[in-house]
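Asker:
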Amino acid sequence: EGFIGTGLKRDEYICDCSDIDDIILFYDDGRYIITKVQEKAFVGKGVIYAGVFKRGDTRTIYNVVYRDGKHGTTYAKRFAVTSITRDKEYNLTRGTEGSKVLYFSANPNGEAEILKVTLKPRARIRNLIFDYDMGELIIKGRSAMGNIVSKNEVHKIVLKQKGASTLGGLKIWFEPETLRLNDDGRGKYLGEFKGEDQILVVTKDGQFYQTGFDLNTHFEDNILEIEKYNPDTVWSAVYFDAEQNYFYIKRFQIESTRQMQRFIGEHPGSYLVRMTKVDYPRLEIKFGGDDQKRDPEIVEVSDFIGVKSYKAKGRRLTTYQVELINELEPLIVPEQDNDEADDSDDIEDGDDATPDGQMSIFDN
Numbered sequence: 306e307g308f309i310g311t312g313l314k315r316d317e318y319i320c321d322c323s324d325i326d327d328i329i330l331f332y333d334d335g336r337y338i339i340t341k342v343q344e345k346a347f348v349g350k351g352v353i354y355a356g357v358f359k360r361g362d363t364r365t366i367y368n369v370v371y372r373d374g375k376h377g378t379t380y381a382k383r384f385a386v387t388s389i390t391r392d393k394e395y396n397l398t399r400g401t402e403g404s405k406v407l408y409f410s411a412n413p414n415g416e417a418e419i420l421k422v423t424l425k426p427r428a429r430i431r432n433l434i435f436d437y438d439m440g441e442l443i444i445k446g447r448s449a450m451g452n453i454v455s456k457n458e459v460h461k462i463v464l465k466q467k468g469a470s471t472l473g474g475l476k477i478w479f480e481p482e483t484l485r486l487n488d489d490g491r492g493k494y495l496g497e498f499k500g501e502d503q504i505l506v507v508t509k510d511g512q513f514y515q516t517g518f519d520l521n522t523h524f525e526d527n528i529l530e531i532e533k534y535n536p537d538t539v540w541s542a543v544y545f546d547a548e549q550n551y552f553y554i555k556r557f558q559i560e561s562t563r564q565m566q567r568f569i570g571e572h573p574g575s576y577l578v579r580m581t582k583v584d585y586p587r588l589e590i591k592f593g594g595d596d597q598k599r600d601p602e603i604v605e606v607s608d609f610i611g612v613k614s615y616k617a618k619g620r621r622l623t624t625y626q627v628e629l630i631n632e633l634e635p636l637i638v639p640e641q642d643n644d645e646a647d648d649s650d651d652i653e654d655g656d657d658a659t660p661d662g663q664m665s666i667f668d669n
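Per my numbering, residue 306 is the first one in the sequence shown, and the count goes up by one each step.
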């Protein structure tokens, strides 16, 4: 109906934003405008994209195919919008009456797709369908005319294949105070992201999931660990199984999924005790209750249990009453590959890193 705002609770969700943000709007006739976030505002019909606008953002690239006039040449262009005057209309086309945007995408990390272009049937046209690679276009200014896609009339344009970033990786940090991502160096450094890279989130209640690296992503406050997802990482988890009333340990690799997955069983009384991605973890079990006089037991986790699915129950640690389970320094520390060392880019990983570069995550 042409309205946009934070107060339209039953309408289509666009993105998270704050009261001080600006919103950029693109229309199907090529117009675009930046306006301040409001509870409810009429912006007109024909909006094809709306998103939070960040001044000085050179990484968000808009890929556009438009027709010049009602029956004119079709052009393609890639551009960024870094700074324009609020509430002033601009136009990404040449301004010819009847111009229309045939394809549009907003790419937070400069991704470039391959399009399938279908022309309107006409005598002497041999190739009615062809691919057009947006990645071959140079990113230019927003007022650039663009490159010719076809001088013949286009019937439709659809996405054929998503593309990777053409800008290189984006360094991402996580700020615990705001529970948001940023590229300004605030908080914990997560790594350099591009293409289909994912962020892994492990929660304190024994669940995990992956998400993309969109800077508008907001996280809940129950995060135990957040990092760049690596499917080869082996995790070791100690948890209390409320159904069996024993402590269990399991080793597993985290599968790629956007769905929240629980790895400590389905019983609501079960809880996570410790979790680590150290290669050769060691545990110290201190006994309590009727067994408090027993000497502490040392468990070499990699010898105690093999790597299985995250859905596996794991192995029971002991049948005795437990007072405390500590993690000890590993006796075996694998050498770090030179490639891994080079990937750090001299950026510190934050306070979570142990001196040997491995990570240990647990509650004390």
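A virtual CB, placed ideally from N, CA and C, is assigned to each residue, including glycine. Here the structure is a predicted model, which means the values were calculated and not measured.
Could you give the DSSP three-state label for Phe524: helix, strand or coil?
Answerer: coil
Asker: Report the start-end ranges of each beta strand (DSSP E) in the region 406 to 462 that is 3 residues or longer and not cut off at the edges.
Answerer: 419 to 424, 434 to 438, 452 to 455
Asker: Please confirm whether Thr340 and Asp373 have their CB atoms less than 7 Å apart.
Answerer: Their beta carbons are not under 7 Å apart, which means Thr340 does not touch Asp373 by this criterion.
Asker: Would the region 596 to 615 count as touching the region 569 to 577 if we require 3 or more Cβ pairs under 8 Å?
Answerer: no
Asker: Buried or exposed for Phe513, going by 16 or more other Cβ atoms inside 10 Å?
Answerer: buried
Asker: I need the straight-line Cα distance from Asp316 to Ile559, nearest angstrom please.
Answerer: 36 Å
Asker: Which runs of the alpha helix (DSSP H) fall wholly inside the region 522 to 566 and span at least 4 residues, in chain order?
Answerer: Those alpha helix (DSSP H) runs which fall completely within the region 522 to 566 and span 4+ residues do not exist here.
Asker: Can you give me the Cβ contacts of Glu441 inside the same chain, cut-off strictly under 6 Å, excluding the 5 residues immediately before and after it?
Answerer: none
Asker: Quick check: Ser470 and Glu530, are their CB atoms within less than 7 Å of each other?
Answerer: no
Asker: Give the single residue among Val369, Gln503, Ala542 whose Cα lies nearest to the Cα of Thr562.
Answerer: Closest in alpha carbon position to Thr562, among Val369, Gln503, Ala542, is Gln503.
Asker: So, is Leu588 buried or exposed, given that buried needs 16 or more other C-beta atoms within 10 angstroms?
Answerer: buried
Asker: Start and end of the alpha helix (DSSP H) containing Val606?
Answerer: Per DSSP, the unbroken alpha helix (DSSP H) holding Val606 starts and ends at 606 to 609.
Asker: Name the residue from Ala547, Asp608, His460, Lys509 whose alpha carbon lies nearest to the alpha carbon of Gln566.
Answerer: Lys509
Asker: So for Gly496, helix, strand or coil by DSSP?
Answerer: The answer is strand: DSSP assigns Gly496 an E or B state.
Asker: Let me check understanding here. Comparing Cα to Cα, which of Tyr585, Ser541, Val422, Gly451 lies closest to Asn457?
Answerer: Val422
Asker: Output yes or no for whether 7 Å exceeds the beta carbon distance between Pro639 and Asp584.
Answerer: yes
Asker: Can at least three beta-carbon pairs, one atom from the region 608 to 618 and one from the region 542 to 558, be found at a separation below 8 Å?
Answerer: yes
Asker: Name the DSSP bridge partner or partners of Gln597?
Answerer: Its beta-bridge partners do not exist; DSSP assigns none.
Asker: Could you tell me how far apart the beta carbons of Thr379 and Val463 are, in whole angstroms, since I believe they sit closer than 8 Å?
Answerer: No, Thr379 and Val463 are not in contact; Cβ-Cβ is about 14 Å, not under 8 Å.
Asker: Can Ser541 and Pro586 be called in contact, C-beta distance under 7 Å?
Answerer: yes
Asker: Within its chain, find whatever has a CB closer than 7 Å to the CB of Cys320; leave out the 5 residues flanking it on each side and keep chain order.
Answerer: Gly356, Val357, Asn521
Asker: Going by DSSP in three states, Val612 sits in which element: helix, strand or coil?
Answerer: strand
Asker: Per DSSP, which residues does Ser470 bridge with? Please list them.
Answerer: Residue pairing of Ser470 in beta bridges, as defined by DSSP: Glu416.
Asker: Does the contact criterion of 3 or more C-beta pairs under 8 Å hold for the region 485 to 500 versus the region 436 to 450?
Answerer: no
Asker: State the Cα-Cα distance for the pair Val679 and Ile528, rounded to the nearest angstrom.
Answerer: The requested residue 679 does not occur in the structure, where the chain is confined to residues 306 to 669.
Asker: Given a cut-off of 7 Å on the beta-carbon distance, is the pair Gln343 and Gly307 in contact?
Answerer: no
Asker: Enumerated in chain order, which unbroken segments of the beta strand (DSSP E) with a length of 3 residues or greater are wholly contained in the region 375 to 404?
Answerer: 379 to 384
Asker: Which same chain residues end up closer than 7 Å to Ala547 when comparing Cβ atoms and leaving out the 5 residues on each side of it in sequence?
Answerer: His572, Gly574, Ser575
Asker: If I'm right that Arg427 touches Val386 with Cβ under 8 Å, what's the distance once you round it to whole angstroms?
Answerer: The Cβ separation is near 35 Å, so there is no contact.
Asker: In the structure shown, what three-state DSSP assignment does Glu482 receive?
Answerer: Secondary structure of Glu482 (DSSP, three-state): coil.
Asker: Using the rule of at least 16 other Cβ atoms within 10 Å of the residue's Cβ for burial, across every protein chain shown, is Asn550 buried or exposed?
Answerer: exposed
Asker: Would Lys375 pass as an interface residue toward chain B - the criterion being a Cβ-Cβ separation below 7 Å?
Answerer: Looking for chain B here will not work: only one protein chain is present.
Asker: On a Cα-Cα basis, can you pick out the residue from Asn631, Gly517, Val627 that is closest to Val606?
Answerer: Of the listed residues, the one whose Cα sits closest to Val606 is Asn631.
Asker: Hey, would you say Asp333 sits closer than 7 Å to Gly351, going by beta carbons?
Answerer: yes
Asker: Look at the Cβ atom of Leu257, then the Cβ atom of Glu532, and state whether they are nearer than 7 Å.
Answerer: Given a span of 306 to 669 for the chain in the structure shown, any question on residue 257 remains unanswerable.
Asker: Assign Arg429 to buried or exposed, taking buried as 16 or more other Cβ atoms, counted over all protein chains shown, within 10 Å of its Cβ.
Answerer: exposed
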